[in-house]
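>
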Amino acid sequence: MEMLSGGEMIARALEDEGVEFIFGYPGGAVLHIYDALFRSGKVPHILVRHEQAATHAADGYARATGKPGVVLVTSGPGATNAVTGIATAYMDSIPMVVLSGQVQSHLIGGDAFQETDMIGISRPIVKHSFLVTRAEDIPSTIKKAFYLAASGRPGPVVIDLPKDITNPIDKFEYSYPEKVKLRSYTPVARGHSGQIKKAVQLLLGAKRPVIYSGGGVVQGNGSESLRALARALNYPVTNTLMGLGAYPASDRQFIGMLGMHGTFESNTAMHHADVILAVGARFDDRVTNTVSKFCPSATIIHIDIDPASISKTVTVDIPIVGPVDSVLKDMLAQVQQLQGADQSLPDTAAIDSWWQQIEEWRAKHGLWTAPRYDTSSGFIKPQQVIESLYRSTKGEAYVTSDVGQHQMFAAQYYRFDEPRRWINSGGLGTMGFGLPAAMGVKLAFPDSDVACVTGEGSIQMNIQELSTCTQYGMPVKIVNLNNGYLGMVKQWQDMNYEGRYSQSVYEDSLPDFVKLAESYGHVGIRVDKLEDLDAAMDEAFSLKDRLVFLDVYVDRHEHVYPMHIAPNGSMRDMWLSKLERT
Amino acid sequence: MRHIISVLMENEPGALSRVVGLFSQRGYNIESLNVAPTEDSTLSRLTLTTIGDDKKIEQITKHLNKLIDVVKLVDLTEGTHIDRELMMVKVRATGAQRAEIKRCTDIFRGQIIDVGPAIYTIQIVGPCDKLDAFLESIGDAAILEVVRSGSCGIARGEKNLSV
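So the sequences go chain by chain: A and B. Using the working numbering, the first residue of the first sequence is number 114, and each one after it goes up by one. Using the working numbering, the first residue of the second sequence is number 3, and each one after it goes up by one.
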């Protein structure tokens, strides 16, 4: 058997696990590991400029590929800098393994240099964590970490590694376990057949059904099964912010995103629905509006891999715990069986009239049936930028975003037809996510277009990564919707604080983003006239091997609509423009 | 309603902090908690009491079950069960009170486990409401110090919580 040091075992185990990239930043506590990585040279390492970016890049990689993203950071500040990215992954159930260095075992607890209790700090934002105390445990711990991160409801796993156990002198027998056994952890493999049967009966009897599908369908690779089931039933489908792409946006049965900035037709349909099939969605407060007024006449079926998601905020009638893909397949089989036995299912007349109603709503206020924003200001509208991006990339790009108005515009106007193409921080709402996430996606799919839709606020939270992009040649396209304000903050201040822009204005402090991009060796293009927009967008994507920073000056006073009226509003209570409400 | 939740978990460092952290993180209350290794040294048994409606208790048990260190758990309050708590009380015992406290301790089937010229230390075991009743009957004025173990419990009959 091979004899390896702790550091070598880590490098080797990551290789044996099939890791494609490590995102990280070296430091004292992980120097043995970095030396082992250097000597083995098997797994490429991406040196970021800040550990937060390492976690977001690993996260972007994980969202786009479905495989766990891997992060390596040092102890103390390296570990704490990673915390925001770990929390981001946790909130959106993204598989990630974070290896953090720790001071030597005998120094733990003594306030040593660069010591922090990473296990303690990360405890509420990890699926699980390990403090490895013996080098012999390294291979099995890494195996467990990857298994936990990717199975069941995925999530980040932290492995804290004291420096002494990675020292190059002490060697141990190395073998990478093929299987993991954890007596306390057995994710559900199938949904309960009785529950599925009940659900299908209810579903087939529906007169005003809506399928409400969330990020779980993307993470659980259930998109194909969802499409098959929805089409067999001819029921309308709405996706959450996290679920965009799980059902194709260009399909007739897609009624748009739901929630705070969801479409009029999806929110209104949800409100009036008699049966809701929630799949891999968690009734987030950004979806439900006031919980007590949520979908008053609906009987709710909820499919989720996580039992704790069931009836957490909204009490559901038929819970089904299981992997979404297998449950949806089981449901489709039953639907077909029941339809075979009784041709009158579902109630086609009722469904037709439901569709007629939805089409009326869609024609009246749908975001894609007519321009819903006012173009009279003469400025480029942020929505037009997303439409231009959609046109230029034929709807096939991977789009990452930061957090704010630009994120909502991208979600509303880029019509995702495939899962894993829309990559954003939905749960935690992490500004600074977009650029590093785009890096992770671009590494995984070097031949695909990767765009980061951002704003001048968010991009500055991780703008140092422009340097990483230079070092590794990551030609992502940054589409900066520059309005000189923290746009979403300003929108709320406009709507709720009588336009008092408390700390949401940059005055004249913004950098010249074109020059900034150029100083890193990238291409910068400034766009401030609508007639130049399409050409600039096309030029950006034609420069295949260059990072292009498209700095687009947009209408400074645009708001995102529709917008739920809160507090005390229901799903159907929305602002449709600055003056018009439902 | 008060619930007694018994948890079998991996006897590993950090496991307890995950359980306690879950409660503070999600805004649940812990009324009492105790933990010790079982006959199988790889497992600890933790008993906690908490108060909440059915919806809250369901969330608590689900989230506890999600913790990787938690092997198994049972809400003892769902079935018939026995719960016991141990309490030690140091009381001022002088003059006529000395005999009165002794009598009261006997009534509650407690034991005096330490004696000083002006104090008694009493040990008493029982369900927590019995302990409450004892404290009430002794009266605040006499009590110098109270230490309680928190409830631990076990299901009645054949049912058992084991791996």
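C-beta atoms are modelled at their ideal positions from N, C-alpha and C, and glycine is treated no differently. Please read these numbers as outputs of a predicted model, since none were measured by experiment.
Does DSSP classify residue 494 of chain A as helix, strand or coil?
Working through the first sequence from its first residue, we reach residue 494 of chain A at position 381. The answer is coil: DSSP assigns residue 494 of chain A none of H, G, I, E or B.
> Consult DSSP for residue 694 of chain A and reduce its assignment to one of helix, strand or coil.
Stepping through the first sequence from its first residue, residue 694 of chain A is reached at position 581. For residue 694 of chain A, the secondary structure class from DSSP, reduced to helix, strand or coil, is strand.
> Can you find a C-beta in chain B that's less than 8 Å from the C-beta of residue 247 of chain A?
Position 134 of the first sequence, counted from the start, is the residue given in the question as residue 247 of chain A. Residue 247 of chain A does not count as touching chain B.
> Just curious, the alpha helix (DSSP H) that residue 607 of chain A is in, first and last residue?
Residue mapping note: residue 607 of chain A aligns to position 494 of the first sequence, counting from 1. For residue 607 of chain A, the enclosing alpha helix (DSSP H) covers residues 600-609.
> In chain order, what residues of the region 226-259 of chain A put their CB closer than 8 Å to some CB of chain B?
232, 233, 236, 237, 240, 241, 242 and 244
> Quick one: Cα of residue 393 of chain A to Cα of residue 115 of chain A, how far?
Numbered from its first residue, the first sequence carries residue 393 of chain A at position 280. Numbered from its first residue, the first sequence carries residue 115 of chain A at position 2. So the alpha carbons of these two residues sit roughly 44 Å apart.
> Would you call the region 51-63 of chain B in contact with the region 112-120 of chain B, where contact means no fewer than 3 C-beta pairs closer than 8 Å?
Not touching, per the Cβ criterion.
> For residue 20 of chain B, decide whether its Cβ has a neighbour in chain A, counting only Cβ atoms nearer than 8 Å.
The residue labelled residue 20 of chain B in the question sits at position 18 within the second sequence. Closer than 8 Å: yes.
> So within the region 553-624 of chain A, which uninterrupted alpha helix (DSSP H) runs reach at least 4 residues, ignoring any that extend past its ends?
578-585 and 600-609
> Going along chain A, which residues have a C-beta under 9 Å from residue 65 of chain B?
As a position in the second sequence, residue 65 of chain B is number 63, starting the count at 1. The contacting residues are 421.
> Given a cut-off of 8 Å, decide if residue 217 of chain A and residue 275 of chain A are closer than it, judged by their beta-carbon atoms.
One-based indexing of the first sequence puts residue 275 of chain A at position 162. One-based indexing of the first sequence puts residue 217 of chain A at position 104. Annotated as proximal: residue 275 of chain A and residue 217 of chain A, with beta-carbon spacing under 8 Å.
> On a Cα-Cα basis, can you pick out the residue from A:345, A:270, A:443 and A:422 that is closest to residue 328 of chain A?
Translated into the one-based positions of the first sequence, residue 328 of chain A becomes position 215. Here the closest residue by C-alpha is A:422.
> Unbroken beta strand (DSSP E) runs of length 3 or more, entirely within the region 445-527 of chain A: which are they?
511-514
> Please list the segments of the beta strand (DSSP E) lying wholly inside the region 165-192 of chain A, counting only runs of 3 or more residues, in order along the chain.
182-186
> Contact defined as beta carbons within less than 8 Å: I believe residue 602 of chain A pairs with residue 617 of chain A. What is the distance between those atoms, to the nearest angstrom?
The residue given as residue 602 of chain A occupies position 489 in the first sequence. The residue given as residue 617 of chain A occupies position 504 in the first sequence. Rounded to the nearest angstrom, the Cβ distance from residue 602 of chain A to residue 617 of chain A is 4 Å, consistent with a contact under 8 Å.
> Does the beta carbon of residue 16 of chain B come closer than 8 Å to any beta carbon on chain A?
Position 14 of the second sequence, counting from 1, holds the residue named residue 16 of chain B. Contacts with chain A at 8 Å (Cβ-Cβ) include residue 16 of chain B.
> What three-state label does DSSP hand residue 122 of chain A in the structure shown?
Numbered from its first residue, the first sequence carries residue 122 of chain A at position 9. Residue state, collapsed to three classes: helix.
> Using a Cβ cut-off of 8 Å (strictly closer), state whether residue 296 of chain A contacts chain B.
Here residue 296 of chain A is taken as the residue at index 183 of the first sequence, counted from 1. For residue 296 of chain A, the answer is yes, since a Cβ of chain B falls inside 8 Å of its Cβ.
> Here's a check: name, in chain order, each residue in its chain whose Cβ is nearer than 6 Å to the Cβ of residue 480 of chain A, leaving out the five neighbours to either side.
As a working note, residue 480 of chain A is residue 367 in the first sequence. Cβ neighbours of residue 480 of chain A beyond the five flanking positions: 376 and 525.
> Which residues mark the beginning and the end of the beta strand (DSSP E) in which residue 36 of chain B is found?
To locate residue 36 of chain B, count along the second sequence from 1; it is residue 34. Its beta strand (DSSP E) spans residues 34-39.
> Should residue 292 of chain A be flagged as near chain B, meaning a C-beta pair shorter than 8 Å?
Stepping through the first sequence from its first residue, residue 292 of chain A is reached at position 179. Chain B, which has no Cβ nearer than 8 Å to the Cβ of residue 292 of chain A, makes this no.
> Would you say the region 622-637 of chain A touches the region 550-564 of chain A, given that touching needs at least three Cβ pairs under 8 Å?
no
> Could one say the Cβ of residue 261 of chain A lies closer than 8 Å to chain B's Cβ atoms, at least one of them?
Here the question's residue 261 of chain A lines up with position 148 in the first sequence. So, interface residue.
> Can you tell me which of A:540, A:600, A:633 and A:449 puts its alpha carbon nearest to the alpha carbon of residue 583 of chain A?
Against the first sequence, residue 583 of chain A aligns to sequence position 470. Nearest C-alpha to residue 583 of chain A: A:633.
> Taking only beta-carbon positions, decide if residue 23 of chain B is within less than 8 Å of chain A.
Position 21 of the second sequence, counting from 1, holds the residue named residue 23 of chain B. True, the Cβ-Cβ gap to chain A drops below 8 Å.
> Measuring CB atoms only, is the region 133-151 of chain A touching the region 186-198 of chain A, in the sense that at least three cross pairs come out at less than 8 Å?
yes
> If you count every other CB in all the chains shown that lies within 10 Å of the CB of residue 507 of chain A, and 16 or more means buried, which is it?
Within the first sequence, the letter at position 394 stands for residue 507 of chain A. Classification of residue 507 of chain A: exposed, given that the 10 Å Cβ count is below 16.
> By the criterion of Cβ-Cβ separation under 8 Å, what are the contact partners of residue 70 of chain B in chain A?
The sequence position of residue 70 of chain B within the second sequence is 68, counting from 1. Simply 240, 241, 261, 295, 297 and 298.
> Comparing the C-beta of residue 73 of chain B with each C-beta of chain A, is any distance below 8 Å?
Residue numbering aside, residue 73 of chain B sits at position 71 when the second sequence is read from its first letter. Answer yes: the Cβ-Cβ gap between residue 73 of chain B and chain A drops below 8 Å somewhere.
> Quick one: Cα of residue 742 of chain A to Cα of residue 388 of chain A, how far?
As shown, chain A starts at 114 and ends at 695. That puts residue 742 of chain A outside it, with no answer to give.
> Closest Cβ-Cβ distance between residue 9 of chain B and chain A: below 8 Å?
Residue 9 of chain B sits at position 7 when you count from the first residue of the second sequence. Cβ-Cβ to chain A under 8 Å: no for residue 9 of chain B.
> Residue 425 of chain A CB to nearest chain B CB: under 8 Å?
Numbered from its first residue, the first sequence carries residue 425 of chain A at position 312. Yes - at least one Cβ of chain B is within 8 Å of the one on residue 425 of chain A.
> Which partner residues of residue 663 of chain A appear in the DSSP bridge assignment?
For the purposes of this step, residue 663 of chain A is taken as residue 550 along the first sequence, with counting starting at 1. Residue 663 of chain A is bridged to A:592 and A:638.
> For residue 437 of chain A, I'd like the list of residues in its chain whose CB is within less than 8 Å of its CB, leaving aside the five on either flank, ordered along the chain.
The sequence position of residue 437 of chain A within the first sequence is 324, counting from 1. Around residue 437 of chain A: 329, 330, 333, 335, 338, 339, 392, 393, 416, 417 and 418.
> Any idea if residue 3 of chain B is buried or exposed, counting beta-carbon neighbours within 10 angstroms, 16 or more meaning buried?
Residue numbering aside, residue 3 of chain B sits at position 1 when the second sequence is read from its first letter. Exposed: under 16 other Cβ atoms inside 10 Å.
> State the Cα-Cα distance for the pair residue 205 of chain A and residue 21 of chain B, rounded to the nearest angstrom.
Looking up residue 205 of chain A in the first sequence gives position 92. Looking up residue 21 of chain B in the second sequence gives position 19. Roughly 22 Å between the two C-alpha positions.
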